[in-house]
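Numbering (our numbering), first residue to last: 775 to 979.
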Amino acid sequence: MNDDTFNNNDREEGLKSAVFFEGILGVGAVFFGWLIGFYPLDLIKLDATLAADLGFGLLITAPMAAAFILLARFPLGPFRMIRTHMDEIIVPLFHKLSVFDLLLISLLAGVGEELLFRGLLQPAIGYWTGPVGGLVIAGVLFGLAHLITPTYAIMAGLMGMVIGWASMVTDNLLTAILIHAAYDFIALTFFLKVIHRDWRPNAVD
775 MNDDTFNNND
785 REEGLKSAVF
795 FEGILGVGAV
805 FFGWLIGFYP
815 LDLIKLDATL
825 AADLGFGLLI
835 TAPMAAAFIL
845 LARFPLGPFR
855 MIRTHMDEII
865 VPLFHKLSVF
875 DLLLISLLAG
885 VGEELLFRGL
895 LQPAIGYWTG
905 PVGGLVIAGV
915 LFGLAHLITP
925 TYAIMAGLMG
935 MVIGWASMVT
945 DNLLTAILIH
955 AAYDFIALTF
965 FLKVIHRDWR
975 PNAVD
């Protein structure tokens, strides 16, 4: 087996893992939502306001993506630990993926995670606590699900609340899915194809 074969196997395994994980989240959210009477798919609106909803989502994405690019390029204070974790985990795992692969993973993450957090948990929790309670608690849970470092968890939690707020404003889960997917795609592409474009496996030694 040559190096290209190993590289292709690594790429395929990375994609399979991402598809499986995000798929489980999405299917699980729809299934459990059906069990308890909350239907995430009903929150996806393909109506006359779709273009405006998606445009609003892109406006929300832009400053978050710009903040990531700045902090990834110039990590200061607690952000250095986040950068170190990304260097050690994200880069070896995804460095062989193409831009199209990164787009696919980002879309899967946007759909799977938003069906769960903003499609199921936020409205279900909000049913008992009110909309603000659902927004905050779902955001906190989103942050805890991304507990790479305490700082990263806080950032992810706040981002989750922003995404949840955008979904509430537009009354469309597609807004949340777009923000999440677009942010992930920009962040992964910049980190892997710009900052680490010359990365090699022995670079971590």
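Glycine included, each C-beta is placed from N, C-alpha and C at the ideal position.
CB-CB length for G907 against G900, believed under 8 Å: To locate residue 907, count along the sequence shown from 1; it is residue 133. To locate residue 900, count along the sequence shown from 1; it is residue 126. Contact holds; Cβ gap of about 6 Å.
Compute the Euclidean distance between the alpha carbons of W902 and I928, then round it to the nearest angstrom. Residue mapping note: residue 902 aligns to position 128 of the sequence shown, counting from 1. Residue mapping note: residue 928 aligns to position 154 of the sequence shown, counting from 1. Taking the straight line from one Cα to the other gives about 24 Å.
Contact defined as beta carbons within less than 8 Å: I believe G884 pairs with A912. What is the distance between those atoms, to the nearest angstrom? Working through the sequence shown from its first residue, we reach residue 884 at position 110. Working through the sequence shown from its first residue, we reach residue 912 at position 138. Not confirmed; about 16 Å, so no contact.
G851 versus W808: straight-line alpha-carbon distance, rounded: Reading the sequence shown from its first residue, position 77 is the one you call residue 851. Reading the sequence shown from its first residue, position 34 is the one you call residue 808. Taking the straight line joining both Cα atoms gives about 44 Å.
As a quick exercise: from E787, T835, L915 and V968, pick the residue whose alpha carbon is nearest that of D958. By 1-based counting over the sequence shown, the position of residue 958 is 184. Answer by Cα proximity: T835.
Hey, how far is the Cα of L833 from the Cα of T963? Numbered from 1 along the sequence shown, position 59 holds the residue referred to as residue 833. Numbered from 1 along the sequence shown, position 189 holds the residue referred to as residue 963. Between L833 and T963, the C-alpha separation is close to 19 Å.
Could you say which of V968, A961, E888 and G931 lies nearest to L948 if we only look at CA atoms? The residue given as residue 948 occupies position 174 in the sequence shown. Of the listed residues, the one whose Cα sits closest to L948 is E888.
Just confirm the distance between the C-beta atoms of P849 and I856, as a whole number of angstroms; I'd bet it's less than 8 Å. By one-based count along the sequence shown, residue 849 stands at place 75. By one-based count along the sequence shown, residue 856 stands at place 82. That pair is a contact at about 7 Å.
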